[in-house]
Amino acid sequence: MAWSEGVEETRLLIAPDVNAIGNGLGQFLSLRHPKSGKATCYLFKNGTLQELNWFKQSYGSWFLGDYVCEDGRLYTATIVDPVFIMLPIFEEARMKKRDDPGKFRQLDEIMFVNSYPGYQHLIPIAENCMQVVCEIKEIGSSKFFRLDDSKVLAWLCYKVHQLKQILPTLDKNYAARDKKDTLTDAISILGEYLEDEPWLKLLCDHLKERVGMKEKLRDLESNLKRQKWRKIQETSKKCLAGLLESEAGPF
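Under our numbering, the first residue of the sequence shown carries the number 2, and numbering increases by one thereafter.
See below:
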């Protein structure tokens with residue numbers, strides 16, 4: 002069970018233990034979901050962002066010691082990479098147009114989102130998180146950020162690689178799946194946190210190109226092996242013919 006500032010009623014929450022550092026208080030933030038753009042509740046605690054979900058049966062309550070919690074919902078909090086959450090607002094902030102990569106903006110300017118003051122609480126972690134996907138310019142003591150498509154793509158590919166490594170360890174069904182199916186699953190999971198345009202399309206196009214290149218290389222290697230084998234066979238036949246001629250020389 003977890004407590005949060007501004008929450009008076011008791012709720013049952015299953016969450017990762019992030020009490021090792023800092024105090025035990027957290028803040029519920031309303032942020033835009035990176036896929037749908039709809040308002041979604043997150044728990045921000047000790048610099049860690051967690052996504053909240055809940056499940057409720059038709060009737061139910063919780064017995065917590067001598068206390069009865071009438072709200073029978075079970076809340077779960079899972080850690081989410083803040084880059085997923087901030088990616089859409091950084092994309093909007095750069096105002097990219099076709100071949101123009103867009104503008105550099107300061108963090109406090111980017112993190113100001115109408116009707117979503119919760120983003121202001123993420124400013125302390127934004128610089129460290131977003132430098133992996135942004136170009137940064139320093140002018141005096143000020144820093145300016147702009148999303149970099151190539152960095153975002155590299156970050157997404159790394160996430161795909163991580164998922165491909167983890168999924169087969171989850172259970173026997175995943176372990177038995179082939180690499181293409183595992184790749185599809187990894188992209189589907191990431192797709193739940195990515196807008197179709199531009200990021201999911203960019204990732205899929207890149208991976209298709211890589212898979213296509215691998216298939217072309219395999220075909221090329223196979224063709225070279227066949228050609229090499231034909232040459233070996235032809236050379237062997239010539240050598241054998243020469244030997245037969247020398248053995249059947251004039252008496």
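Heads up, the beta-carbon is just placed ideally off N, CA and C, and yes, glycines get one too.
Bear in mind the structure is a predicted one, so any value in this text is a computation, not a measurement.
Check your understanding: To which residues of the same chain is Ser-5 closer than 6 angstroms at the C-beta, ignoring the five residues directly before and after it?
Key -> Caution is warranted here: a pLDDT of 45 is assigned to Ser-5, below 50, making its placement in the model unreliable, and the coordinate value is therefore given only provisionally. Contacts found: Gly-27, Phe-29.
Point to revise | Distance CB(Gln-51)-CB(Ile-80) smaller than 7 angstroms | key: yes
Practice item. With a cut-off of 8 angstroms on the beta carbons, I'd call Leu-195 and Pro-35 a contact; round off their distance for me. Key: 7 angstroms
Exercise for review: Could you give the DSSP three-state label for Ser-189: helix, strand or coil?
Suggested key: Here DSSP, grouped into helix, strand and coil, assigns Ser-189 to helix.
**Study point:** Short CB-CB distance (under 7 angstroms) between Cys-42 and chain C
**Key:** The structure shown contains no chain C; it holds only a single protein chain.
Point to revise | Inter-residue CB distance, Trp-55 and Arg-74 (contact presumed, cutoff 8 angstroms) | key: 5 angstroms
Exercise for review: Take Gly-192 and list the residues in its own chain whose beta-carbon comes closer than 6 angstroms to its own, dropping the five residues that flank it on each side.
Suggested key: The residues Leu-201, in chain order, have a CB closer than 6 angstroms to that of Gly-192 in the same chain once the five nearest residues on each side in sequence are set aside.
Check your understanding: Any chance the region 155–165 sits against the region 117–130, with 3 or more Cβ pairs inside 8 angstroms?
Key -> no
**Study point:** Cβ contact check for the region 103–112 and the region 135–150: 3 or more pairs under 8 angstroms
**Key:** yes
Check your understanding: How big is the Cα-Cα spacing for Arg-95 and Ser-143?
Key -> Answer to the nearest angstrom: the Cα atoms are 17 angstroms apart.
Exercise for review: Measure the alpha-carbon distance for Glu-136 versus Leu-88 and round it to whole angstroms.
Suggested key: 13 angstroms
Point to revise | Three-state secondary structure assigned by DSSP to Arg-95 | key: helix
Exercise for review: Indicate the three-state DSSP secondary structure (helix, strand or coil) for Gly-141 in the structure shown.
Suggested key: coil
Practice item. State the DSSP-derived secondary structure class of Lys-57, mapped to helix, strand or coil. Key: coil
**Study point:** Inter-residue Cα distance where the pair is Tyr-175 and Leu-208
**Key:** 21 angstroms
Check your understanding: Between which two residues does the beta strand (DSSP E) harbouring Trp-320 extend?
Key -> Limits of the chain in this structure are 2 at one end and 252 at the other, which puts residue 320 out of reach.
Review point. Hey, Leu-108 and Ala-127 are a contact pair by Cβ (cut 8 angstroms); roughly how many whole angstroms apart?
Key: The pair is a contact, with the Cβ atoms about 5 angstroms apart (cut-off 8 angstroms).
Review point. In this structure, does DSSP put Phe-113 in helix, strand or coil?
Key: coil
Exercise for review: Could you work out which residue in Ala-187, Leu-53, Lys-180, Asp-206 is closest to Ser-31 when comparing CA atoms only?
Suggested key: Leu-53
Point to revise | Proximity winner among Cys-70, Thr-11, Asn-129, relative to Gly-48 (alpha-carbon distances) | key: Asn-129
Exercise for review: Can you give me the start and stop residues for the beta strand (DSSP E) that Tyr-175 sits inside?
Suggested key: Per DSSP, Tyr-175 lies in no beta strand (DSSP E) segment; the continuous alpha helix (DSSP H) that holds it begins and ends at 173–177.
Exercise for review: Taking the CB atoms as reference points, tell me whether Ile-111 and Phe-91 lie closer together than 7 angstroms.
Suggested key: yes
Check your understanding: Beta carbon of Leu-154, beta carbon of Leu-203: below 7 angstroms?
Key -> In this structure, Leu-154 sits near Leu-203, with a CB-CB distance shorter than 7 angstroms.
Practice item. Keeping to the same chain, check which residues put their C-beta closer than 6 angstroms to that of Thr-11; ignore five residues upstream and five downstream. Key: Cys-70
Review point. Where does the unbroken alpha helix (DSSP H) through Lys-165 begin, and where does it stop?
Key: 150–167
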